[in-house]
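Our numbering puts the sequence shown at residues 175 to 615.
Quick reminder that beta carbons are idealized off the backbone N, C-alpha and C, glycines included.
As the structure is a computational prediction, the values presented were derived from the model and not from experiment.
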Amino acid sequence: MILLFEKKNNILDSFVIAGVIIFFSINILFSSGQIRPDSIQYFLQAQDFWNYKVNFPLGYSFYIKIFSLITSNYFIASKLINILSYLTVIFFSYKKKFFFPQTILIFSFYPFVNFYFLSLSEPLFYLFNYLIIYVIYKIIEKGFSTKYTFSLGALFFFLISVRFSGLFIFFTAILFLGFITYKKKYSLKSFFTVFTISSIGVFSYLIINYCYCGFILGQRKHLKLINASGSGIEFTSKLALSTFKHFSFLNIFISKGIISRISFLNVWISASILIISFVIVWKKRKKLNYFNYYLLFSLLGITASLVYSFYTTKIDDNIRIKSNVYLYLLFFLSLNISKNAVNYCKIFLIIALYINIFTVVEYSKSIFYHIKKYEVLISNSHDKTIEILYEDLNDNTIKSHAQILFFKTILIDKGYKIYEGEKKPNPKVSKYHIKASDIIE
């Protein structure tokens, strides 16, 4: 019976992993590159490393730079980094026997699966965060050791170098390790050693970032709000509503037809997930182990940090920012539901992935169609400079259009200098110009 159950698990896991890889590949091959405005900044940062100043930390762009030595292409390098981050998490979990069934479900599920094909830093950030969760799990189970101490120091360095929000993870991890030291009577000296080495890892990158751009966390002035985001009640209600919409696993579907029919369920699904979490905590409160409490503590700590950030800054209220909270929530839930429930979730995931694959193939044009078109557009430019002309230079909707962004990506990979103007060309910056309307179909 056990062997039959394990065989069923292996079959489901194989379908899930294959589905993610196919979904990743199809989303790139049948799209205009899956590029976002932040992606362009990463590519420019990688192209002119250290000299191109932007508010993002250097880590993701550094890896793009390194991988581009193999691919000769920043675009492909970013996609390779992201899918390898996913596969590394899965392989590591399998080799270390670290909650493998749950890990496959979490990292193949919404929202994480929706980030792998985008040229964004999230997948690499998830990898380092997952490794930190593993090390802290081992410390909780076995106590401090030299290996775990230096592993945490290195991992926190890499984590902060990819996204500054890793600081929230650092603070919650250190606080919980202090709690565990007290509860399990671990060596206080060992705890302070971990705290010191981890802090050195964090501050080492922050010093590098200060040398890079003159700010330890990048220029933050433009993010500050002069007035807080409305009244407390208004702010809380808006944030709660957006969170309920973002946390629904039905968002895994990308078909607009499906989304329009089920979107009314999102709030109820998210509310159900949170209620189930509360019920589990209440019913199992005396049986939960310290690792479960670590996941809950991190969930609450990171949530509180994000709520404060949303209230005091102009940070976008989207699932990208909240996804790390979702990671800890899903981890906790997956450890506290039955194995059959985990398998049912995987079956739903497999169905969703293959529906999405069909949707992309059916309704999207091949990436090679766009590449061929853009090659023709730039064929008359001979001095590696191009000016893109917009009807309204302040129209961020057009400037952030997927085809405009992919066109810029191709130019960056070919070593072009990109200028942007409004209506009339400026011969002083480039002899060749292209209208945005000619790029967008």
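Taking a C-beta distance under 8 angstroms as the contact criterion, Ile354 and Ile314 qualify as a contact pair. Only buried fits Lys520, as 16 or more other CB atoms lie within 10 angstroms of its CB. In the three-state scheme derived from DSSP, where H, G and I count as helix and E and B as strand, Leu563 is classed as strand. By the neighbour-count definition (other C-beta atoms within 10 Å, threshold 16), Lys496 is a buried residue. In the DSSP assignment, His607 falls within the beta strand (DSSP E) that extends over His607 to Lys609.
The Cβ atoms of Ile214 and Ile238 do not sit closer than 8 angstroms to each other. With distances taken between CA atoms, Ile280 lies nearest to Val499 out of Val499, Asp612 and Thr533. Counting other Cβ atoms within 10 Å of its Cβ, Gly475 reaches 16 or more and is therefore classed as buried. The beta carbons of Ile334 and Gly327 sit no closer together than 8 angstroms.
Glu594 is bridged by DSSP to Ile562.
Within the stretch 432-516, no run of beta strand (DSSP E) at least 3 residues long lies entirely inside it.
In the three-state scheme derived from DSSP, where H, G and I count as helix and E and B as strand, Asn229 is classed as coil.
In the same chain as Leu415, and ignoring 5 residues on each side of it, the C-beta atoms closer than 8 angstroms to its own belong to Val441, in chain order.
Residue burial annotation: Thr346 is buried, with at least 16 other C-beta atoms found within 10 angstroms of its C-beta. Excluding sequence positions up to five before and after Ser205, its CB lies within less than 7 angstroms of the CB of Ser538 and Ile541, all in the same chain and listed in chain order.
Taking C-beta atoms as the reference points, Tyr593 and Glu549 fail to come closer than 8 angstroms. Assigned with DSSP and collapsed to three states, Leu292 falls in coil, not helix or strand. Asn568 sits exposed, since fewer than 16 C-beta atoms from the chains shown fall within 10 Å of its C-beta. Between the alpha carbons of Ser295 and Lys412 lies a gap of roughly 27 angstroms. The way I'd put it, the stretch 374-381 doesn't touch the stretch 507-516; fewer than three beta-carbon pairs between them come closer than 8 angstroms. Given a length threshold of 3 residues, the stretch 229-267 has no whole run of the beta strand (DSSP E) inside it. The alpha carbon of Gly375 has as its nearest neighbour, out of Lys321, Phe332, Ile390 and Ala251, the alpha carbon of Phe332. Counting other Cβ atoms within 10 Å of its Cβ, Lys582 reaches 16 or more and is therefore classed as buried.
Membership of Val368 in the alpha helix (DSSP H) is indicated by the continuous run Leu362 to Cys387. Residue environment for Asp187: buried (at least 16 other C-beta atoms within 10 angstroms of its C-beta).
Judged by their CB atoms, Gln219 and Ser293 are not nearer to each other than the 8 angstroms cut-off. Here the stretch 250-270 makes contact with the stretch 190-206; the two share three or more CB pairs at distances below 8 angstroms. Collapsing the DSSP output to three states places Lys270 in a helix.
The beta-carbon separation of Tyr468 and Phe350, rounded to 5 angstroms, stays under the 8 angstroms limit for a contact.
A direct Cα-to-Cα measurement between Val228 and Tyr360 gives close to 43 angstroms.
The three-state secondary structure of Tyr356, taken from DSSP, is helix.
Ser373 and Lys312 have their C-alpha atoms some 19 angstroms from each other. Annotation for Asp222: no alpha helix (DSSP H) segment contains it, and DSSP assigns it neither H nor E. Looking at Asn183, Gly392, Lys321 and Lys458, the one whose alpha-carbon comes closest to that of Ser364 is Lys321. Secondary structure note for Gly327: its alpha helix (DSSP H) is the uninterrupted segment Thr320 to Val336. With contacts defined as CB atoms closer than 8 angstroms, Ala610 and Ile572 qualify as a contacting pair.
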